[in-house]
Amino acid sequence: MQGGQHIGKIVVKMPEEPKELPTNVGLESSPLFFSEKAYLLVGGLGGLGGLGRAVSAWMIENGARYLVYLSPTAHTKPRTEEVFRELQALGGNTTLVTGTVTNIEDIRRAVELSPRPIAGVLHMPMLLRDRSVVQMTIEDWEGATAPKVQGAWNLHQVFDHNMDLDFFLIFSSIVGHQGNWGQTNYAAGGTFQNALTHHRRALGLPANVIDVGVMGEVGYVSEHAATFQKLKGVNLLLSESEVLQSIRVVLSQHRAAKAAGAESSGGIADLLVGYISQTRGLNGLAKDDVRVSVHRNLNTSRRSGLVSGDSPLKQFLNTVAANPEVLREDSSLEIVTNEIVNMLCSIMSLRKESMDITSSLTALGLDSLVSVEIRRWWRQNLGLEISVLQISSLGSVQQLGVLAIDSLQEKYLGGEGQHNSSEK
């Protein structure tokens, strides 16, 4: 037909059933992590209550099954066993090796004790010894720099050309780029980590570094109230999901570069997260820095997750604060569940009219990142705590609403609520 030389009729026959039409099935994206390999996590554990815990769950959600931890103190923390049970419930296999990254023999022992060949390394050290330069002792300096400098160098020596690594990912800090009062030692350690990353890449070895800003949901800051309040006021807090997304970006681009024929050092070398806020334009530390002056007129906006003062949920919570007995009314469950539906539709791009509150959260597309957003909304708007594991264990949106009412009754009435989420 295109050549204009056809004589006669052309009949196009369409099948009666649409499912009979041939379709091109897109390639399924491969998981970020290999289920038959192991991954070594060093630092960031905080008794496995900080960044290491969040990253571990996220890795399992994205294909990892064998996680090996090297920590000098995790075995003494009461939460470690609980966290390992949670990770195992998600399908993970955990191995804890007691030792320090500053001792190269401990690293070699972790490699030997790994149940599977190690395919990736995540180095997440954080040991603060903040003090002005004038007052800083040699112990302060070495305490903060040793895990970052000696520790990173030891990992580099162990995971050389003889180890078939998929990635070698270092978590550093934006302090190494912009500096911060009292953290000369910490900044120096971060600068070394960045230099080591480029050194490994020059050798053809895999290496990437993420320079993380201040995290407000997990990790050191969230566990130290004074620091949290100080930084909260200047809009410097990163969310857990933003950090997890940064890992995805780095690893995805690294793998794409390798698939395109690049060397092991392909992809992003150094990613800064949190220097310029994604939600509020320039933050207090960056707005006067000439290096980012091109962004001075940046005026990005993004939903913060907080409900407005005249929203039904805010009005309801104000009523509850004045008269907690309203929580015993059936209408309370309806109000809270409706607000949860609104939140889920917003973060998951769903149509409200098509959502069935009795349908399973898994069927709606719940994953670890969505769970993190739900937890953040829960804290900000209900003033309640909920874990990612709790969210994933609930069967439906309706059960989320029941749990919210039960928790509010516990908070305001001091006893168990009339609803029971486990019975729904």
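Residue 6 in the UniProt record's numbering is what sits at position 6 of the sequence shown, and the numbering runs on without skipping anything.
Even glycine gets a Cβ: it sits at the ideal position worked out from N, Cα and C.
The C-beta separation of V42 from L67 comes to about 12 angstroms, leaving the pair out of contact by the 8 angstroms criterion. When only Cα atoms are considered, A57 and V83 end up about 10 angstroms apart.
For A146 against T102, the beta-carbon gap comes to about 5 angstroms, under 8 angstroms, which counts as contact. When only Cα atoms are considered, S354 and G365 end up about 14 angstroms apart. G120 sits in a strand when the DSSP states are folded into three classes.
Pairing G92 with L389, the inter-Cα distance amounts to about 14 angstroms.
Taking 8 angstroms as the cut-off, the beta carbon of L196 is found closer than this to the beta carbon of W153. Restricted to the UniProt domain "Carrier" (331 to 408), the alpha helix (DSSP H) segments that are unbroken, complete and at least 4 residues in length are 361 to 364, 368 to 377 and 388 to 393, listed in chain order. Fewer than three pairs of CB atoms, one per stretch, sit closer than 8 angstroms, so the segment 182 to 202 makes no contact with the segment 238 to 247. Apart from sequence neighbours up to five positions away, the residues of its chain that approach F316 with a beta-carbon distance below 6 angstroms are I335, ordered along the chain. Within the same chain, and ignoring the five residues on either side of M59 in sequence, the residues whose Cβ sits closer than 6 angstroms to its Cβ are F33.
Going by DSSP, I210 is part of the beta strand (DSSP E) stretching over N208 to V212. Scanning its chain for C-beta atoms nearer than 8 angstroms, with the 5 sequence neighbours on each side dropped, one finds around Q157 the residues I104, in chain order. According to DSSP, D270 shares a beta bridge with V209. When K37, D164 and S331 are compared, the shortest CA-CA separation from R116 is found for K37. Look at M136 here: in three-state DSSP terms it is coil, with no helix or strand label. Here Q193 is not near D130, since their CB atoms are 8 angstroms or more apart. In chain order, P72 and D106 place their CB closer than 7 angstroms to the CB of T100, counting only its own chain and leaving out the 5 sequence neighbours on each side.
Taking all protein chains in view, the Cβ of P78 is surrounded by fewer than 16 other Cβ atoms within 10 Å, so the residue is classified as exposed.
Annotation: the continuous beta strand (DSSP E) that includes N93 extends over N93 to T98. In this structure, the beta-carbon distance from V273 to I347 does not fall below 8 angstroms. By DSSP's assignment, S114 forms no beta bridge with any residue. Distances from the CA of H177 to each of T137, G213, A207 and A119 were compared; the closest alpha carbon is that of G213. Only buried fits V121, as 16 or more other CB atoms lie within 10 angstroms of its CB.
Annotation: N185 to P312 spans about 49 angstroms, alpha carbon to alpha carbon.
Distance from the CA atom of R328 to the CA atom of Q88, rounded to whole angstroms, is 37 angstroms. The residues G120, P206, N208, L251 and H254, in chain order, have a CB closer than 7 angstroms to that of F167 in the same chain once the five nearest residues on each side in sequence are set aside. A buried status is given to Q398, since no fewer than 16 other beta-carbon atoms sit within 10 Å of its beta-carbon.
Rounded to whole angstroms, the Cβ separation of L51 and I118 is 20 angstroms, and the two are not in contact under 8 angstroms. For E139, same chain residues with a beta-carbon under 8 angstroms away, outside a window of 5 residues either side, are R129 in chain order.
Annotated as distal: S359 and I391, with beta-carbon spacing of 8 angstroms or more.
The continuous alpha helix (DSSP H) containing F84 extends over residues R79 to A89. Looking only at F159, G204 and E81, the smallest Cα-Cα distance to A269 is reached by G204.
Take L413, set aside five residues on each side of it, and the residues of its chain with a beta-carbon closer than 6 angstroms to its own are P324, in chain order.
With a beta-carbon spacing of about 6 angstroms, L244 and L369 fall inside the 8 angstroms limit used to define contacts.
The three-state reading of DSSP puts V55 in helix, counting H, G and I together.
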